[in-house]
Amino acid sequence: MCNGILVTTLSEIMQNIKEQLDFHLERDNFLFVQCFDKEQRIPCNLPTYDMLMEKEAEHVKEIHDMTEEMMENYAEVIMLYEEKASESE
């Protein structure tokens with residue numbers, strides 16, 4: 006039973022991270038498409054490489070912070086389970 010709880014929790018954490026990554030990719034693709042003039046089909050205000058790298062660094066930090074928070078929540082779940090297990094003994 007313990008393994009079932011832990012696997013489910015880890016699965017939920019990984020799914021949440023994947024959803025966040027997908028969201029960032031979709032957002033970036035949308036921003037990139039918006040940088041092109043629809044009628045003339047030429048780039049307008051296209052972000053520079055440095056700007057894109059800065060944005061990527063922000064996304065990596067967001068995902069890192071979110072992962073850290075999820076792992077803290079995961080640790081709390083483990084502690085609660087261990088408390089319940091010791092109470093039932």
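Residue numbers (my numbering): 6 to 94.
Backbone N, C-alpha and C fix where the C-beta goes; we use that ideal spot for every residue, glycine too.
None of the values given here were measured: they were computed from a predicted structure.
Inter-residue spacing [alpha-carbon to alpha-carbon] between residue i and residue j
| i | j | result |
| --- | --- | --- |
| Asn21 | Met58 | 24 Å |
| Lys89 | Asn78 | 17 Å |
| Glu73 | Ser93 | 31 Å |
| Glu67 | Val82 | 23 Å |
| Val65 | Met84 | 29 Å |
| Glu63 | Ser91 | 42 Å |
| Glu61 | Met71 | 15 Å |
Beta-carbon gap between residue i and residue j smaller than 7 Å
| i | j | result |
| --- | --- | --- |
| Met75 | Ile18 | yes |
Selected residue, minimal CA-CA separation from residue i, among the options
| i | options | result |
| --- | --- | --- |
| Lys23 | His69, Ala62, Lys60 and Leu85 | His69 |
Residue i: CB within 6 Å of a non-hydrogen atom of the ligand ZN
| i | result |
| --- | --- |
| Glu67 | As presented, the structure is devoid of all ligands, the ligand ZN included, so that no description of it is given. |
Coarse secondary structure for residue i, derived from DSSP in three states
| i | result |
| --- | --- |
| Glu94 | coil |
| Met84 | helix |
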